[in-house]
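Visitor:
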Amino acid sequence: MQVKVLFKGIHADKESIPEKKVVNRISKIRSSSTLIKGEKTILVDSSHFQFKDDLINALKENEVGPDDVDFLINTHTHRDHISNNHLFKNATLVHHKGVWYPDGSIEAYKKVEDIQVSGIKLIPTYGHTSDSISIILESDNKTYVISGDAFKEDIIRKNIQIGYTKSSEYRNNVKNILEIADVIIPGHGDIIEGESLLELREIVQNWKLPKNKAPTAIASAFIKKDNKYLVVFEPKFNNTGIWRVPGGRIEFGEKAENTVVREMQEELGIKVKVNNFMGYGQDKVIVRKKLNASRLILYFECEIVEGEPSIDHDDKEASLMRRVTLDELKKLDPLEESIKDLLSKQEMSKT
Ligand SMILES: [Zn+2]
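Here the sequence shown is numbered in this note's numbering, starting from -15 and rising by one per residue.
#1: When you compare only the Cα positions, how much space is there between Met262 and Glu241?
#2: Comparing alpha-carbon positions, which option in Leu313, Arg233 and Val48 lies nearest Leu280?
#3: Would you say the beta carbon of His62 comes nearer than 8 Å to a heavy atom of ligand 2?
#4: In terms of alpha-carbon separation, which member of Gln34, Arg307, Ile13 and Asp52 lies closest to Leu19?
#5: Mark Glu137 as exposed unless 16 or more other C-beta atoms lie within 10 angstroms of its C-beta, in which case mark it buried.
#6: Would Leu319 and Ile207 be called neighbours here (beta carbons separated by less than 9 Å)?
#7: Measure how close the beta-carbons of Ile26 and Asp54 come, nearest whole angstrom, since I'm counting them as under 8 Å.
#8: Apart from the five residues on each side of it in sequence, which residues of its chain come closer than 6 Å, Cβ to Cβ, to Val258?
#9: Excluding the 5 residues flanking Lys4 on each side, which residues of the same chain have their C-beta closer than 6 Å to its C-beta?
#10: Hey, out of His32, Gly291, Lys212 and Lys95, whose CA is closest to Thr61's CA?
#11: Where Ile1 and Gly111 are concerned, what is the direct C-alpha to C-alpha distance, given to the nearest angstrom?
#12: Does DSSP classify Glu91 as helix, strand or coil?
#13: So, for Tyr128: in the same chain, excluding its five sequence neighbours on each side, which residues have a beta-carbon less than 6 Å away from its beta-carbon?
#14: With C-beta atoms as the reference, is Ser30 less than 9 Å away from Lys(-8)?
#15: So the candidates are Phe221, Glu250 and Gly22; which of them puts its Cα closest to the Cα of Glu321?
#16: Roughly how many angstroms lie between the CA atoms of Pro199 and Asn41, to the nearest whole one?
#17: Helix, strand or coil for Lys21 per DSSP?
#18: Should Leu162 go down as buried or exposed, given a rule of 16 or more other Cβ atoms within 10 Å for buried?
#19: Mind reading off the beta-carbon distance from Lys212 to Thr309? Whole number of angstroms is fine, and I expect it under 8 Å.
#20: For Asn74, tell me which candidate among Ile140, Val48 and Ser294 has the shortest Cα-Cα distance.
#21: DSSP three-state call for Ala42: helix, strand or coil?
#22: Report the three-state DSSP secondary structure of Phe35 (helix, strand or coil).
#23: When the Cα of Ile288 is compared with those of Leu313, Gln249 and Lys268, which residue comes out closest?
#24: Start and end of the alpha helix (DSSP H) containing Val245?
#25: Would you say the beta carbon of Ile26 comes nearer than 8 Å to a heavy atom of ligand 1?
#26: The alpha helix (DSSP H) with Gly49 in it runs from where to where?
#27: Exposed or buried, which one is His70 when buried takes at least 16 other CB atoms within 10 Å?
#28: Please confirm whether any heavy atom of ligand 1 lies closer than 8 Å to the CB of Asp133.
#29: What residue from Ile254, Gly265 and Lys209 has the CA that sits closest to Arg307's CA?
#30: Looking at the unbroken beta strand (DSSP E) that takes in Gly232, where does it start and where does it end?
Below, the structure is given as structure tokens:
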């Protein structure tokens, strides 16, 4: 069986956009596409449609036309991995728990491991998404793992131990992939083997499970004026930045209402009056200063009694400030996870 990476995935080059309209932009994004030639011709991930010609040309160099592909396996269903699926009309499409035949019929499996594809093995590697799978195969006496986004070298090197869905699954799968592989072909970035594989193994061996820390308690304010709320943008939050309402950590012995009053003074230079408790929201897991943390946020509706809010001072966390209606707030992206949580609870109580 032969393995050929047609092209490696791109997922970097964050550019700054002037005027802070957007925090950053990823200039190009596509997954890797890998060709496996054995008894059958197998393609793993079809990548992004903007790279359609690259894909077709790379296949051609390997004497494969789109109609020659017998199996198309998707490591997960993010669009940078699947956008060219339609090119492979004769291929049986394989992904998480299912096989789609060219005639449109479907076979569903309870377990990924039960799916049979000519000489290769599929394993679930959830954590990046809840539908992520990896492909294991032997070639040249080496074990290859085509991991999709279950394995990201840059993230592992930054020692970030959390996945998007379930962190413990993500960590276990990263460890498992490193244990079984001689060569890892990730969805994005360089092929990992030899020295760098050993380095990553060592990093991961030293991973300690995060302590089961209690969430940090925060009190935040929905400052209301003319049916609009004040929101701020914190550019450094979780690397992507986040829209949130102003607030801060409840200090030892402090009443949550008083936290709000103090924080508004410190963060925005205003005096507020707390009118009522709106409810609470929780962040699942956030990354802050390489730590895994979670937060429980109590939200209070407030009004300004003195001063004009300003984010123009020394230790500012926020870079933008806006007043928005509730509908506009819901559309802010990315919006703080715990606000979404609060709003979903409110929706539920309405129905
Ligand atoms: Zn991807």
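Just so you know, even glycine gets a beta-carbon here, dropped at the ideal spot from N, CA and C.
Guide: Looking at the atomic coordinates:
#1: 12 Å
#2: Arg233
#3: With respect to ligand 2, the structure offers nothing, as its ligand set consists of ligand 1.
#4: Asp52
#5: buried
#6: no
#7: 7 Å
#8: Glu241, Val244, Phe284 and Cys286
#9: The pLDDT assigned to Lys4 is 46, lower than 50, so where the model puts this residue is not dependable, and the model offers no usable value.
#10: His32
#11: Here Ile1 scores only 42 on pLDDT, less than 50, and its place in the model should not be relied on; the value that follows carries that caveat. When rounded, the distance between both Cα atoms is 30 Å.
#12: strand
#13: Val(-13), Leu121 and Val167
#14: no
#15: Phe221
#16: 51 Å
#17: strand
#18: buried
#19: 6 Å
#20: Val48
#21: helix
#22: helix
#23: Gln249
#24: Ala240 to Leu252
#25: no
#26: No alpha helix (DSSP H) holds Gly49; DSSP gives it neither H nor E.
#27: exposed
#28: yes
#29: Lys209
#30: Gly231 to Arg233
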